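The sequence shown begins at 2 in my numbering and counts up by one.
Please read the structure below before turning to the comments.
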Amino acid sequence: MGQDTRSLVLVVLVGLVGAVSADVQVMKDVTLGFGQALEQCREESQLTEEKMEEFFHFWREDFKFEHRELGCALQCMSRHFNLLTDSSRMHHENTDKFIKSFPNGAVLSKTMVELIHNCELQHDAEEDHCWRILRVAECFKISCTKAGIAPSMEVMMAEFIMELKQ
C-alpha cells in the first residue's frame, strides 16, 4: 500500500470515528433531554424511587425491560414532549423536531425515527400501550447498540453527575 493510500485510509478512519463520536454525543444529549420529564411522570406512572433510579442505567448492557410501569413512564415522558399520536404511536414529525432541537440533532434524527418506527412495527400487535412502549424501547436500545450510536454508561453517568452539580 502506497503512502497516499495509507493517508487516505487514515483520513477516512478518523472521519468515521469522528462521525460515530458525534452520533453518540447527540444520543447522549437526546437521552438527557428526554429524561427531564421523568420526575414529572413518576407519580402518573406509579414509579417507585427505586425503579425511577433504574432509568439512569437505561444504556447499561444488563438493563432489564421487565416492569410495565417503566413503559408507562416512557409513555408519559413521550406525551410530555408531544412525541406520540392519540393511539400512543410515535409522532414522526414531532419526534424529528425534538431530536433536531439538540445540538447536531439533525445528524441523527432520521436514523432515530427510522429505528423507533421499525421497532414499533415489530411490536404493533401488543395492545397494552405501556408494555408495547417498553418493548419498543428495548428494541430501540438494541438497534442503537448495533448501529454504534448508543452512549456508554460512563459517558451518561459523567453527564448525570455534571447536571447534579449545576
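The beta-carbon is built from N, C-alpha and C at its ideal position, and this holds for glycine as well.
Only a predicted model underlies this, so the values are computations on that prediction, with no experimental measurement involved.
Between the C-alpha atoms of D125 and E67 there is a straight-line separation of about 18 Å. Nearest to R80 by C-alpha distance, out of E54, N95 and V108, is N95. By the neighbour-count criterion, in which a residue is buried when 16 or more other Cβ atoms sit within 10 angstroms of its Cβ, K29 is buried.
When C-alpha distances from F35 are compared across Q123, Q47, E128 and F56, the shortest belongs to F56. Assignment of L85 by DSSP, reduced to helix, strand and coil, places it in the strand class. In the DSSP assignment, N95 falls within the unbroken alpha helix (DSSP H) covering H93 to K101.
Under the rule that a run must span 4 or more residues, the alpha helix (DSSP H) segments found entirely inside the segment 29-62 read 39-43 and 50-55. Rounded to whole angstroms, the gap between the alpha carbons of L116 and V31 is 15 Å. At a Cβ-Cβ threshold of 8 Å, A74 and L48 count as neighbours.
The alpha-carbon separation between V108 and A151 amounts to approximately 14 Å.
Within the same chain, and ignoring the five residues on either side of H92 in sequence, the residues whose Cβ sits closer than 8 Å to its Cβ are N83, L84, L85 and T86.
Exclusion of the five residues before and after M53 leaves L39 and R43 as the residues of its chain whose Cβ lies within less than 7 Å of its Cβ. Straight across, the Cα-Cα distance linking V114 with Q41 is about 24 Å. Residue burial is scored here from C-beta neighbours: K111 has fewer than 16 other C-beta atoms within 10 angstroms and is therefore classed as exposed.
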